[in-house]
Amino acid sequence: MLKACLNGGRRREEHPAVPLTAAELAADAVRCATAGVAAVHVHPRDDSGVESLDPVVIAAAVDAVRAARPGLPVGVSTGAWILPDPAERVAAVRAWTVLPDFASVNAHEPGAAAVAAALHERGVMVEAGLWTAAAVDAWRRWPTPTGRVLVECMAEAVEMALADAAAILAALPDRGPPVLLHGEGPATWPVFAEAVRRGLHTRIGLEDTLLLPDGTTTPDNVALVTAARALAAR
Numbered sequence: 001m002l003k004a005c006l007n008g009g010r011r012r013e014e015h016p017a018v019p020l021t022a023a024e025l026a027a028d029a030v031r032c033a034t035a036g037v038a039a040v041h042v043h044p045r046d047d048s049g050v051e052s053l054d055p056v057v058i059a060a061a062v063d064a065v066r067a068a069r070p071g072l073p074v075g076v077s078t079g080a081w082i083l084p085d086p087a088e089r090v091a092a093v094r095a096w097t098v099l100p101d102f103a104s105v106n107a108h109e110p111g112a113a114a115v116a117a118a119l120h121e122r123g124v125m126v127e128a129g130l131w132t133a134a135a136v137d138a139w140r141r142w143p144t145p146t147g148r149v150l151v152e153c154m155a156e157a158v159e160m161a162l163a164d165a166a167a168i169l170a171a172l173p174d175r176g177p178p179v180l181l182h183g184e185g186p187a188t189w190p191v192f193a194e195a196v197r198r199g200l201h202t203r204i205g206l207e208d209t210l211l212l213p214d215g216t217t218t219p220d221n222v223a224l225v226t227a228a229r230a231l232a233a234r
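Numbering of the sequence shown is given in the working numbering, commencing with residue 1 and proceeding in unit increments.
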């Protein structure tokens, strides 16, 4: 499964094609789905362009994607940088009026287990974000079922990112949930290749990198998806 991570915390100043509004996210989701992705991961923004877990903001983004591309799974982040207080993150999830198909929860963050539980209670599939091998232990103590594990290699140095990938994957249970492996920055494409080599799910998009495999700046998310599919096909 190839997922498109459309915007993350990117600002328009970083790349002119970063989708911010609900309409922009929806239009980009359609283009990426047409190019071959099976799901999209988005970071909805409020009117000032700031990431938000507010029910109105989440609903606008999710509804827009679903209206533009019915049947395309859409997920969001619940990262602590969006709403630092764990209790407020749980309250936000419980207040959502429109539910995404899945949502990521970083296992190392304070209150992660409670946020995951709130998502599960609402019927949202939980993706456990694992940034380190130590985070695997925290995740395994969750009482909440996990629909997918995200092995997220945050080191920009390629050698370190690949070492992190190997360590986290080795720490996972043999019969656990499906795994999605990805990197970011300079390590994005080498980790992508490792995911393909291992037969794992992966992702690509402006959230992770602004560059195509040849080192040139990508014009948009669709070009990244097209390049990813070409690499995987090889």
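Glycine included, C-beta positions come from ideal geometry on N, C-alpha and C.
Per DSSP, M154 lies in no beta strand (DSSP E) segment and is marked neither H nor E. Contact annotation, A26 with A64: C-beta distance approximately 4 Å; criterion of less than 8 Å satisfied. Boundaries of the alpha helix (DSSP H) around E121: A112 to R122. Per DSSP, the beta-bridge partners of F102 are G75 and M125.
Counting of Cβ neighbours within 10 angstroms places W81 among the exposed residues, the total staying below 16. For V126, the number of other beta carbons within 10 angstroms of its own is at least 16, and it is reported as buried. Cβ-Cβ distances below 6 Å link V62 to V74, V98 and P100 in the same chain, with the five nearest sequence neighbours on each side left out; the list follows chain order.
By the beta-carbon neighbour count (other beta carbons within 10 angstroms, threshold 16), T216 is exposed. Annotation for R234: no residue places its beta carbon closer than 7 Å to its own, counting only its chain and skipping 5 residues before and after. DSSP places E194 within a helical segment (H, G or I) once states are collapsed to three. If only uninterrupted alpha helix (DSSP H) runs of at least 4 residues are considered, those enclosed by the segment 23-83 are 55-68. A straight line joining the alpha-carbon of F192 with that of R198 spans about 10 Å.
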